[in-house]
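Here the structure comes first, spelled out in structure tokens, and everything after it is commentary.
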Amino acid sequence: MYGEDVMAGNWRRRKVIPEVEAEPDLVVEDADSGFCGAVVGFELGAVVLEDRFGKRRNFPLTPAAFLLDGETVTLVRPVARQQPQQRRVTASGSIAVAGVKARVAKASRIWVEGVHDAALVERIWGDDLRIEGIVVEPLDGIDDLAAAVAEFRPSGHRRLGVLVDHLVAGSKESRIVAAVTDPNVLVTGHPYVDVWQAVKPERVGLRAWPVIPPGRPWKEGVCEAAGVREPADMWRRILASVSSYRDVETPLINSMERLIDFVTVLDEPAED
1 MYGEDVMAGN WRRRKVIPEV EAEPDLVVED ADSGFCGAVV GFELGAVVLE
51 DRFGKRRNFP LTPAAFLLDG ETVTLVRPVA RQQPQQRRVT ASGSIAVAGV
101 KARVAKASRI WVEGVHDAAL VERIWGDDLR IEGIVVEPLD GIDDLAAAVA
151 EFRPSGHRRL GVLVDHLVAG SKESRIVAAV TDPNVLVTGH PYVDVWQAVK
201 PERVGLRAWP VIPPGRPWKE GVCEAAGVRE PADMWRRILA SVSSYRDVET
251 PLINSMERLI DFVTVLDEPA ED
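Residues in the sequence shown are numbered from 1 upward in steps of one, following UniProt numbering.
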């Protein structure tokens, strides 16, 4: 009266049809029609197969409807997998800190010789400096550096870093820097005549920076050698060629990293 005996037969050994995710380019055969093709997508709940002639057909994802390497399988849509989040790197090569806003400016400062230096520093180290709350201020040259430092009144909680162009032994710049002896001031520099030269020449389309005879304005000489009419045009070309620390020479990178470490090593004094 109950019909077929459900306990009869070899029920313990019934074959289990495996489920296979229909990943792109997986080659399967539709068991009913014999159509064989690679998975190229899904439409309205059906899998789309494309054969070797480019013909496409849609097949519903019904159980045990496909053959994979001659074995019956059930195709299922792939499970969406969350992609690992890529670590963002700043232009300076530091690991970017997500969700952190720029800090209120601290009392410590970094000085550079001019607006071009400031723009180049911002292009490479701007993200790092904003997180640290360090402002970069351009000077109009360093002839009065000692007086400017005295007016700044550096202290243990108010440090000053200075980046100097053409800081080489025996130069005018080296003599000016020697007069600054405050332990809360760090002066570093690079050997290049101008910060322009700290950019790798191939980035600007030059084999090398031209050698300009002494006594001739350096920037004007560079512009003539490069076939550029005005220094402003040349500067725009230089700045546009820089997107990260890889575009500038190592002495500039080392000097800026030392300055950033120096002015950020101490926090502001605690308020009462």
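Cβ coordinates follow ideal geometry from the N, Cα and C atoms, glycine included. Keep in mind that this is a model prediction, so the values were computed, not measured.
Buried versus exposed, by CB contacts within 10 Å (16 or more), residue i
| i | result |
| --- | --- |
| E173 | buried |
| T62 | exposed |
| S255 | buried |
| A169 | exposed |
| A232 | exposed |
| M1 | Note on M1: pLDDT 46, under 50, position unreliable in the model; no value is reported. |
| S108 | buried |
| L160 | buried |
Three-state secondary structure (DSSP) of residue i
| i | result |
| --- | --- |
| V135 | strand |
| S155 | strand |
| T264 | helix |
| L145 | helix |
| V168 | coil |
| V248 | strand |
| M1 | Low local confidence applies: a pLDDT of 46 at M1 is under 50, so the model's placement there is unreliable, with the coordinate-based value given in what follows. Coil, per DSSP. |
| V199 | strand |
| V204 | helix |
Alpha-carbon spacing of residue i relative to residue j, whole angstroms
| i | j | result |
| --- | --- | --- |
| residue 285 | G114 | One cannot answer for residue 285 here, as it falls past the ends of the chain, which runs 1 to 272. |
| A91 | V27 | 44 Å |
| P214 | R88 | 44 Å |
| V40 | L67 | 17 Å |
| R130 | T264 | 12 Å |
| D261 | V187 | 13 Å |
| D51 | F35 | 8 Å |
| E122 | V164 | 16 Å |
| P60 | T74 | 11 Å |
| S244 | I124 | 5 Å |
| S171 | P154 | 26 Å |
| L252 | N184 | 21 Å |
The beta strand (DSSP E) enclosing residue i, as first and last residue numbers
| i | result |
| --- | --- |
| W111 | R109 to V112 |
| G227 | Where G227 is concerned, there is no enclosing beta strand (DSSP E), given that its DSSP letter is neither H nor E. |
| G161 | L160 to V164 |
Extent of the continuous alpha helix (DSSP H) to which residue i belongs
| i | result |
| --- | --- |
| V185 | First-last for V185: V185 to G189, but that is the beta strand (DSSP E), not the alpha helix (DSSP H). |
| V177 | K172 to A178 |
Any chain B beta carbon closer than 8 Å to residue i
| i | result |
| --- | --- |
| L259 | Of the chains in the structure shown, none is chain B; there is only one protein chain. |
Proximity test, residue i beta-carbon vs the ligand GDP heavy atom, cut-off 7 Å
| i | result |
| --- | --- |
| G205 | Among the components modelled here there is no ligand, and therefore nothing to report on the ligand GDP. |
Taking only runs of the beta strand (DSSP E) that begin and end inside the UniProt domain "DUF3097" (19–78), which ones reach a length of at least 3 residues, in chain order? 19–21, 27–30, 36–43, 46–50, 56–60, 66–68 and 71–76
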